Amino acid sequence: MKRGDDMKRFFLIIAVAGVLANAPVAGAAGLTVVSKFVAGDIPTTPIAAAWNKTKEVVVPMSSQIVAKPRVFDLPKGKSSVRRVSVRSVNNGKAIAFLLEWEDVTENSTVDNPAAYRDAAALEFPLQAGEKKKTHFAMGHEDMTVNMWQWKADLEDGRYKAVPIGASYPGEGQKHSIDTYQGRLYDLPKKQRKGPVEDLIAEGFNTLTLQDSQDVMGKGNWSGGKWRVVLYRSLATKDKEDVAFKKGGRNLIALAIWDGGNLEKDGQKSVTTWHELRVE
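Residue numbering for the sequence shown follows full-length UniProt numbering, beginning at 1 and increasing consecutively.
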């Protein structure tokens, strides 16, 4: 190996060590998120009182350093969010998740492709139990993951001005979270239902917007904290959607983007796989 290659490897190792030294390792311990069974309607807003009766699980996060673009080019040299709180409930028909994390700035106004938004995503492997085979960030070939991605700039009805297949009003197919591939460019412009996108991926740079959008959500920023709810039917007719069932187990991973730290695409905070148990 050439000396230049040795030096590049050396500095990369130093950079990675620096990031990990300042952040909890996302896979430090396996945690279990329990989706509590509740009678009646599930809470579909982040400020619903019903969330106070559910147990939170605090999940550590670390910077995504596997695929480009990495966090080293960010102002802080790392992603911002170090932990996210997760709660979940279901009523046997639908399931909801509440995510909470600290963020000193609300980045929810994006009027051009150079701007940066706050965002969050849940990720589930389509093949339950594939913990050792599916990559926790974006899956990989033949190991598909289903992602639910909430975007702050689509809140408060602003999603109505942005058809599915576009990320900004009047900006065609441009994006700012992850590189879209596949069917996205063939989709007709459809009206969004809310600020959440239902996606699949089989590795980095393969994120694909599904033809059918089945996930809803709502976010609220107050007092330096985001509270975001994402919800969906336990099961759908779409083969590209993760299926949940009473008494079932699956895996769950999370990602957070801090627009105030200029995070986008692969520059984000992530977790490894954790267990999800549905009561």
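We put the beta carbon where it would ideally sit given N, CA and C, even for glycine.
Please read all numbers here as calculations on a predicted model, not as lab measurements.
Separation of residue j from residue i, as counted between CA atoms
i, j, result
"residue 231", "residue 76", "33 Å"
"residue 172", "residue 226", "No answer about residue 172 holds up, because its pLDDT of 34 lies below 50 and its placement is not dependable."
"residue 42", "residue 103", "26 Å"
"residue 194", "residue 158", "9 Å"
"residue 217", "residue 44", "7 Å"
"residue 271", "residue 147", "14 Å"
"residue 78", "residue 264", "12 Å"
"residue 220", "residue 262", "20 Å"
"residue 127", "residue 278", "16 Å"
"residue 108", "residue 155", "8 Å"
"residue 197", "residue 149", "5 Å"
"residue 280", "residue 88", "Residue coverage of the chain in this structure runs from 1 to 279, which leaves residue 280 outside it and unanswerable."
"residue 86", "residue 117", "21 Å"
DSSP bridge partner residues for residue i (one or two, in chain order)
i, result
"residue 149", "121, 197"
"residue 32", "275"
"residue 232", "95"
"residue 202", "Note: residue 202 sits in no beta bridge, so no partner."
"residue 208", "200"
"residue 269", "63, 256"
"residue 251", "275"
"residue 85", "58, 100"
"residue 37", "90"
"residue 226", "101, 221"
Sequence-distant residues of its chain with Cβ nearer than 8 Å to residue i (five each side left out)
i, result
"residue 92", "37, 234, 246"
"residue 31", "57, 59, 274, 275"
"residue 224", "102, 103, 104"
Cβ-based neighbour list, residue i, same chain, cut-off 6 Å, excluding 5 preceding and 5 following
i, result
"residue 21", "Any reading at residue 21 must be qualified, since the residue scores a pLDDT of 34, below 50, and its modelled position is unreliable; the value itself is stated next. Closer than 6 Å at Cβ, skipping near neighbours: no residue."
"residue 188", "Any reading at residue 188 needs caution, since the residue's pLDDT is 48, under 50, leaving its predicted position unreliable; the model's value is listed next. The answer is none, since no qualifying residue turns up."
"residue 257", "119, 263, 268"
Member of the options whose CA lies at the smallest distance from the CA of residue i
i, options, result
"residue 254", "248, 222, 120", "120"
"residue 84", "68, 277, 70, 62", "62"
"residue 90", "67, 222, 50", "50"
"residue 238", "259, 213, 65", "213"
Spatial neighbours of residue i in its chain, beta-carbon cut-off 7 Å, leaving aside the 5 residues before and after
i, result
"residue 124", "145, 146, 242, 250, 251, 252"
"residue 170", "The pLDDT assigned to residue 170 is 35, lower than 50, so where the model puts this residue is not dependable; a value taken from the coordinates is nonetheless given after this. Taken in chain order, the list of residues that qualify is empty."
"residue 74", "261, 262, 263, 267"
"residue 199", "147, 149, 207, 208, 209, 210"
"residue 15", "Note on residue 15: pLDDT 41, under 50, position unreliable in the model; the coordinate value appears next. Within the same chain, residue 15 has close Cβ partners 72."
Distance cut-off 7 Å: residue i Cβ against heavy atoms of the ligand ZN
i, result
"residue 158", "Within the structure as shown, the ligand ZN is missing, as the structure has no ligands at all."
Taking contact to mean 3 or more Cβ pairs, one atom from each stretch, closer than 8 Å, check whether the segment 50 to 67 and the segment 234 to 246 are in contact. no
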